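Going by this note's numbering, the sequence shown runs without a break in its numbering and finishes at 165.
To start, the structure itself, in structure tokens.
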Amino acid sequence: MSNPFLAIAVAHNGVAQDRNGKERVAFEELIRVLLDAHRVPATLCFYAEGVRWLTRDSPVIDDLKEIGKRGADIVVCRSCMAEAGLLDEMMVGRLGSEDHIEEILRHAEHAMVL
52 MSNPFLAIAV AHNGVAQDRN GKERVAFEEL IRVLLDAHRV PATLCFYAEG VRWLTRDSPV
112 IDDLKEIGKR GADIVVCRSC MAEAGLLDEM MVGRLGSEDH IEEILRHAEH AMVL
């Protein structure tokens, strides 16, 4: 079941960019907390460096797939994936535009940008 009021945007290759090299670990922990929660966010948006979390080499790819199965819409910036040369490596989610991601965040009751 998803939480229809929450959208999370992931723009970085981690969380809290000043965590002394532990940014990735913090993001991995956040994803596991979301899995343990009763309700997952309605939408997870990935753009900029955040798109790297959706590739086959991501340590949380299976967790993200499970979050998607539980009802979260995972939206990935097409131009960001293309610019990074990762379109062929995307393992979960659907491609969208930067404008679509901006619209999702604007209309969400609660939005968290990481």
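No residue lacks a Cβ here, since even glycine has one placed at the ideal position from N, Cα and C.
On a predicted model such as this, the values are computed, not experimentally measured, just so you know.
Cβ-Cβ distance between residue i and residue j below 8 Å
{"i": "residue 25", "j": "residue 100", "result": "In the structure displayed, the chain extends from 52 to 165; residue 25 sits before or after that span and is not available."}
{"i": "residue 142", "j": "residue 112", "result": "yes"}
{"i": "residue 146", "j": "residue 106", "result": "no"}
{"i": "residue 60", "j": "residue 165", "result": "yes"}
{"i": "residue 144", "j": "residue 97", "result": "yes"}
{"i": "residue 56", "j": "residue 161", "result": "yes"}
{"i": "residue 126", "j": "residue 94", "result": "yes"}
Cα-Cα separation, residue i to residue j
{"i": "residue 155", "j": "residue 58", "result": "7 Å"}
{"i": "residue 135", "j": "residue 115", "result": "20 Å"}
Whole-number beta carbon distance between residue j and residue i, since they are thought to touch under 8 Å
{"i": "residue 121", "j": "residue 148", "result": "In fact, because the Cβ distance is near 25 Å, the residues do not count as touching under 8 Å."}
{"i": "residue 86", "j": "residue 92", "result": "Not quite, the Cβ-Cβ distance comes to about 11 Å (not below 8 Å), so this is no contact."}
Ignoring anything shorter than 3 residues, give me the beta strand (DSSP E) runs that lie fully in the stretch 99 to 138, in order along the chain. 124 to 128
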